[in-house]
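Visitor: Here you go, one structure.
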Amino acid sequence: MKIKFVDQAFKRATTVMALSVVALVVLLVFSMACRSMPAIRKFGWHFLFTGTWDPVKEVFGALPFIFGTVVSSALALLIAVPVSLGIAVYLAELAPSYIKQPLSFLIELLAAIPSVVYGLWGIFALAPFLRGSIQPFLSKYFGFLPIFQGEFYGVGMLTAGIILSIMIIPTISSISREVFLAVPFSQREAALALGATRWEAIRLAVLGYARPGVMGAVILGLGRALGETMAVTMVIGNRPEISASLFAPSYTMASVIANEFTEATGNLYLSALVEIGLILFFVTLVVNIIARALVWKVSGKVKGEIRE
Amino acid sequence: MKKLLWLIIAVSAVSFMAGTASAEKLLLINGAGATFPYPLYSKWFYEYAKVDEGVNFNYQSIGSGGGIRQILAQTVDFGASDGPMTDEQLKQAPGELLHIPMTAGAVVVTYNLPKMSKVLRFSPDVVADIFLGRIKKWNDPRIAKDNPGVNLPGGNIIVAHRSDGSGTTNIFTDYLSSVSDDWKTRVGKGTSVNWPVGLGGKGNEGVAGLVKQSEGAIGYVELAYAVKNNLPASDIKNKSGNFITPSIESTTAAVNGKANSMPSDFRVSLVNPDGADAYPISGLTWILVYKNQPDKVKGKKIVEFLRWAETDGQKYSTDLLYAPLPESIVKQVQEKLKQINY
């Protein structure tokens, strides 16, 4: 009798806790929508598709910020995913044990560095280095591509993408490593027994099996990249403009909120900033849904592969 | 389980008793607002605790915008702002709000030209056109005209500005609006503006970082920040036609230049003042208090503190690189403080 009661109570308690997340999200969206009403009423859908951000004349448009957030995060993934997978494969499959421990520790240490430190490092070390060596090189040999054209300042979209990729590499690589380690040993043995080389065994048995888990790791990394504020603000150049060149300064949604919220006094100005928060929420949601859908699609395929 | 419960009860009881005990001794006065004067305010609160042991000031430097919102909502006992409140904002207030000027600060134009041994000089219209993106090269004839005998490099000018909303930007754009009609109509003044050109850095350190890292860059930072970090600070031509080096003295001279034309509510912009030695890019920072104080005891303590800060307190400004208010202004403020009812 008593045990049943405890069981029931436990179930109820955890249900309430789980539901509180839903309630929290609903409240969050509701309060942001309420606070951004003046801007929504004034600008409507134009807010999403116009690029002027003028706090003095109270004309606001979010497009450059949406562009900056999406592109900087995509760039970060482009750099971080291959590197992280390499790290994870090496740590899980290839590294001798005396390297494994210290290296894993170092990677987890990277994840613990506060973002403001990354930002300061970005502005005082990475940006001058990029401006002095990498950007002239890219501009000289790949300058025919529109993404490597124009004047370079050191800070800008490219720098932000690199900083973000460094920040999400620990997340993606350490989770991927756990996922690889969780792949049953029999998978590898089976592949090797069929005459596969080391690389083929890793590619077929480990990477294939672990794909949904790796996707999860990438989504977590992407989440961090989309929401990262401090480090990006310090190196992106904070200019609300859309430019094809990765050298050009840009701006993200999280950055503009962090930059301008404390000193925003006008009602319309404040509500425009809150609306940017709302858009950031929905962009994150949409990106996550797309990524989830990809995982479902891919994981379905993987199951088939393994069984056959 | 029971043990844990008792522990929680005991701890909260003890902390509750400790809380009430200290509350009996100390009156807590809460304020919030501008970040720019925060170092000076904390010094004042620390020193004032020795003058009056019965009162404890707590100040949150959340930004001028937050300070104005909180004093309007009456969640704090005083607010603080680097920019005066607008008429519209004052209308939202439940009672009459007074602006009490506390200290003044200056904004300097800094740059990165490594081979330059002489300090650069700028006319107001040249500064405006650089930040408008019209003057693009360092060897532009208009810059050369202000700097005879200086060998200017031919590189591009990279403009750096604050990306975060700030009182520093407000003073700087206020200045540009007052000296350039084009700036006034195209950009205007505010804590954040739509910059025609340039890169944005977060905070004084962000702008200084951008300037230091890029040869040919120009930006603006607080005087205190420039002095502490040994940044070059250009001389700016003032209303009287003299090129003035930014300093505490020339900032105080700027405040003095407004003494005769000071409006009774002190909501005044300091930029481009009269006075042969006045540095033209400076601004006041204010504490915001209600004329009719809702709390008798707190109101009395706030007025006593403000009176002390205007007189004895001013001597702490110079060390922290704020410009003390001149006698002429302090007298007017003292008169104003008499109007506060409690």
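Here the protein sequences come in this chain order: W and A. Numbering-wise (the numbering used here), the first sequence opens with residue 1 and increments by one. Numbering-wise (the numbering used here), the second sequence opens with residue 1 and increments by one. Heads up, the beta-carbon is just placed ideally off N, CA and C, and yes, glycines get one too. No experiment lies behind these values; they were computed from the predicted model shown.
Given W/Phe148, which residues of its chain have a CB within under 6 Å of its CB, disregarding the five upstream and five downstream residues?
Guide: Closer than 6 Å at the Cβ level, and outside the excluded window around W/Phe148, lie Leu138, Ser139 and Phe142.
Visitor: I'd like the span of the alpha helix (DSSP H) that includes W/Pro170, first residue to last.
Guide: Segment Met157 to Ala182, the alpha helix (DSSP H) holding W/Pro170.
Visitor: Can you tell me whether DSSP reads A/Met102 as helix, strand or coil?
Guide: Here A/Met102 sits in strand by DSSP.
Visitor: At what residues does the beta strand (DSSP E) containing A/Glu222 begin and finish?
Guide: Unbroken beta strand (DSSP E) run through A/Glu222: Ala217 to Glu222.
Visitor: Taking DSSP's pairing of strands, which residues face A/Asn341 in a bridge?
Guide: For A/Asn341, which the question treats as bridged, DSSP gives the partners A/Asn292.
Visitor: Could you name the residues of chain W that A/Gly63 contacts, counting a contact when the two beta carbons are closer than 7 Å?
Guide: Simply Thr262 and Glu263.
Visitor: Can the beta-carbon of A/Val108 be found less than 9 Å from the beta-carbon of A/Val221?
Guide: A contact, by the Cβ cut-off of 9 Å.
Visitor: With distances taken from CA atoms, which of A/Phe131, A/Pro101, A/Ser328 and A/Asp82 is nearest A/Ser61?
Guide: It is A/Asp82 whose Cα lies nearest to the Cα of A/Ser61.
Visitor: Contact defined as beta carbons within less than 8 Å: I believe W/Pro249 pairs with A/Leu199. What is the distance between those atoms, to the nearest angstrom?
Guide: W/Pro249 to A/Leu199, Cβ: 5 Å. Contact.
Visitor: Which one of A/Ala253, A/Glu304, A/Pro263 and A/Thr285 has the shortest CA to CA distance from A/Glu327?
Guide: Of the listed residues, the one whose Cα sits closest to A/Glu327 is A/Ala253.
Visitor: On the CB-based measure, 16 or more other CB atoms within 10 Å of its CB, does A/Gln213 come out buried or exposed?
Guide: Result: buried.
Visitor: Beta-carbon within less than 8 Å of A/Val330's beta-carbon, same chain only, minus the 5 sequence neighbours each way: which residues are those?
Guide: Excluding residues within five positions, the ones whose Cβ falls inside 8 Å are Glu310, Thr311 and Gln314.
Visitor: Could you compute how far the alpha carbon of A/His161 sits from the alpha carbon of W/Glu58?
Guide: Approximately 20 Å between the Cα atoms of the pair.
Visitor: If we require 4 or more residues per run, which alpha helix (DSSP H) segments fall completely within the stretch 157-222 of chain A?
Guide: Entirely contained in the stretch 157-222 of chain A, the alpha helix (DSSP H) runs reaching 4 residues are, in chain order, 167-179, 181-186 and 203-213.
Visitor: Please classify W/Phe30 as buried or exposed, where buried requires at least 16 neighbouring CB atoms within 10 angstroms.
Guide: Exposed is the call here.
Visitor: Give me the Cβ distance between W/Val179 and W/Val214, rounded to the nearest whole Å; I'm assuming they're in contact under 8 Å.
Guide: At roughly 6 Å, the Cβ-Cβ gap stays under 8 Å, so W/Val179 and W/Val214 are in contact.
Visitor: Do we get a CB-CB distance below 9 Å when we pair A/Asp174 with the residues of chain W?
Guide: Chain W, which has no Cβ nearer than 9 Å to the Cβ of A/Asp174, makes this no.
Visitor: Compute the Euclidean distance between the alpha carbons of A/Thr251 and A/Ala106, then round it to the nearest angstrom.
Guide: Cα-Cα distance, rounded: 6 Å.
Visitor: Could you tell me the distance, in whole angstroms, from the CA atom of A/Leu343 to the CA atom of A/Asp265?
Guide: Within the shown structure, residues of chain A are numbered from 1 to 342, placing residue 343 of chain A beyond reach of any answer.
Visitor: For A/Asn194 versus W/Thr52, is the C-beta distance shorter than 9 Å?
Guide: Taking 9 Å as the Cβ cut-off, A/Asn194 and W/Thr52 qualify as a contacting pair.
Visitor: According to DSSP, simplified to helix, strand and coil, what is A/Ser22?
Guide: Note that A/Ser22 scores a pLDDT of 48, beneath 50, so its modelled location is shaky and nothing firm can be said.
Visitor: If you measure between the beta carbons of W/Ala264 and A/Gly65, is that distance less than 9 Å?
Guide: Contact: yes.
Visitor: Which parts of the stretch 302-338 of chain A are runs of the alpha helix (DSSP H), unbroken and 4 residues or longer, counting only runs that do not cross its ends?
Guide: Here the runs fully enclosed are 327-337.
Visitor: Is it the case that the Cβ atoms of A/Leu98 and A/Trp138 are separated by a distance below 9 Å?
Guide: For A/Leu98 and A/Trp138, no; Cβs fall outside 9 Å.
Visitor: Under three-state DSSP, which class holds W/Leu130?
Guide: Here W/Leu130 sits in helix by DSSP.
Visitor: Give a yes or no on whether the C-beta atoms belonging to W/Ser165 and W/Val83 are separated by under 9 Å.
Guide: Against a cut-off of 9 Å, the Cβ pair of W/Val83 and W/Ser165 comes out as a contact.
Visitor: Would you list the one or two residues that DSSP bridges to A/Thr285?
Guide: For A/Thr285, which the question treats as bridged, DSSP gives the partners A/Thr103.
Visitor: How many angstroms separate the CA atom of W/Phe60 from the CA atom of A/Lys184?
Guide: Cα to Cα, W/Phe60 sits roughly 19 Å from A/Lys184.
Visitor: Tell me the DSSP secondary structure of W/Pro249 in three-state form.
Guide: W/Pro249: coil per DSSP, three-state reduction.
Visitor: Determine the chain A residues that contact W/Tyr153 at a beta-carbon separation under 7 Å, and present them in chain order.
Guide: Simply Ile158, Leu199 and Ser214.
Visitor: Can you list, in chain order, the residues of its chain with a C-beta nearer than 6 Å to that of A/Asn292? Leave out the 5 residues immediately preceding and following it.
Guide: Correct list, in chain order: Gly95 and Asn341.
Visitor: Any beta-carbon of chain A closer than 9 Å to the one on W/Ser72?
Guide: No, W/Ser72 does not count as interfacial toward chain A.
Visitor: So which residues on chain W does A/Thr191 lean against when the C-beta distance must stay under 7 Å?
Guide: Here the neighbours are Glu263.
Visitor: Express the C-alpha separation of W/Ala272 and W/Lys42 in angstroms, rounding to a whole number.
Guide: Whole-angstrom Cα-Cα distance: 10 Å.
Visitor: According to DSSP, is A/Phe36 helix, strand or coil?
Guide: It is coil, neither helix nor strand.
Visitor: Can you give me the start and stop residues for the beta strand (DSSP E) that A/Lys59 sits inside?
Guide: Looking at the sequence itself, residue 59 of chain A is Tyr, so the reference to Lys does not match. Its beta strand (DSSP E) spans residues Val55 to Gln60.
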